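Using my numbering, you'd call the opening residue of the sequence shown number 122 and step up by one each time. Glycine included, C-beta positions come from ideal geometry on N, C-alpha and C. These numbers were taken from a predicted model, which means no experiment stands behind them.
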Amino acid sequence: MVTFLVDRRGALLGHEVFPGNTNDTKTLASVDRRLREQYDVSVAKAPRVVDRGYASLANVRKLRRRKERFLVALRAQPRGLHLLEMLGPQGQWPEIRPGVRAA
122 MVTFLVDRRG ALLGHEVFPG NTNDTKTLAS VDRRLREQYD VSVAKAPRVV DRGYASLANV
182 RKLRRRKERF LVALRAQPRG LHLLEMLGPQ GQWPEIRPGV RAA
């Protein structure tokens, strides 16, 4: 598994390689630690944009507790409703472009 760090234009700033059998939800803490240790504060404070593999209740709670900005994809039908409930009613999510809402 590979994690990429890119800037707003998509240019690669760095990457981290994990063993192939690593669960995505377990890597967020080490990636965050690396951001804080190796990059300037503007990079460390940048919003996290992660795929569905990172979408765990524990990860979202950590990001919210630290007041991090983040965008995480959710499965169309999440296994556990706790994550969806934590994000609030979809009808109240802001529309970021026509037909697309984000919590």
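With a 10 Å radius around its C-beta and 16 neighbouring C-beta atoms as the bar for buried, classify residue 176 as buried or exposed. Position 55 of the sequence shown, counting from 1, holds the residue named residue 176. Buried, because 16 or more other Cβ atoms sit within 10 Å of the Cβ of residue 176.
With a CB to CB cut of under 8 Å and the five nearest residues on each side skipped, what residues in its chain are close to residue 133? Translated into the one-based positions of the sequence shown, residue 133 becomes position 12. Result list for residue 133: 125, 126, 127, in chain order.
Give the straight-line distance between the Cα atoms of residue 272 and residue 158, rounded to the nearest whole angstrom. Here the chain covers residues 122 to 224 and nothing more, so residue 272 does not appear.
With a 10 Å radius around its C-beta and 16 neighbouring C-beta atoms as the bar for buried, classify residue 123 as buried or exposed. Taking the sequence shown and counting its residues from 1, one reaches residue 123 at position 2. That one is exposed.
Residue 166: which of 187, 146, 180 sits nearest, CA to CA? Within the sequence shown, residue 166 is the residue found at index 45, counting from 1. The option with the nearest alpha carbon to residue 166 is 187.
According to DSSP, is residue 158 helix, strand or coil? Position 37 of the sequence shown, counted from the first residue, corresponds to residue 158. DSSP places residue 158 in helix when its eight states are reduced to three.
Less than 8 Å between the CB atoms is what I'm expecting for residue 218 and residue 211, so what's the real figure, rounded? Along the sequence shown, one-based indexing puts residue 218 at 97. Along the sequence shown, one-based indexing puts residue 211 at 90. About 15 Å separates the two Cβ atoms, so there is no contact after all.
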